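Going letter by letter, the sequence shown gives residues 1 to 146 in UniProt numbering.
A virtual CB, placed ideally from N, CA and C, is assigned to each residue, including glycine.
Owing to the predicted nature of the structure, the values given are computational and were not obtained by experimental measurement.
Everything below concerns the one structure shown next.
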Amino acid sequence: MLINEAYAQAATSTQAEPSLMSLLPLIGILVIFYFLLIRPQTKRAKEQKLMREGLQKGDEVIISGGELGRVSSVGESYITLEIAPNIEITVLKAGVQTLLPKGTLKNIDTGKGNKMPKNNKPQKASDTQESDSEDSNATSSNESQK
């Protein structure tokens, strides 16, 4: 009697254990995630950290809010930016997003000047509507001739 019970227990406990081949797709997905997502992110974070540690007076930067400025002083965790003549703000170093090439701030178009040539006058709204309707009429007549 005891022998029959022993065979019955052995038959029920023989389950196939997961082999290495069944884990291979999961391992492959993890490797792909590492090379496509994790590694580039850590590389960018390391570059940002080095850039922030290397900031010095006179560097031109963009901070996280989109403001551009020239570094006027550098502290342990803060920098002072000159965003306009005689206007300075203090921001965290962590807020610096991009280090710009020297001279970039001089070449930026601020949009303050009038770019329109003197001989080119702005059109009135009624003139624009008339020219649009003439263009659409000309287009429809050209299409009907084809």
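Could you check what DSSP says for residue i in three-state terms: helix, strand or coil?
i     : result
Glu82 : strand
Glu60 : strand
Leu55 : coil
Glu88 : strand
List the residues that DSSP assigns as beta-bridge partners of residue i.
i      : result
Leu105 : Answer is none; Leu105 lacks a bridge partner.
Gly69  : Val61
Thr98  : Ile62
Pop quiz: residue i and residue j are said to be a contact at Cβ under 8 Å. What is the actual Cβ separation, rounded to whole angstroms?
i     : j     : result
Gly95 : Ser64 : 5 Å
Val74 : Val61 : Not a contact, Cβ separation roughly 11 Å.
Leu68 : Leu23 : That belief does not hold up - the Cβ atoms of Leu68 and Leu23 are roughly 51 Å apart, past 8 Å.
Need the endpoints of the alpha helix (DSSP H) that residue i sits in, please.
i     : result
Ile29 : 20 to 33
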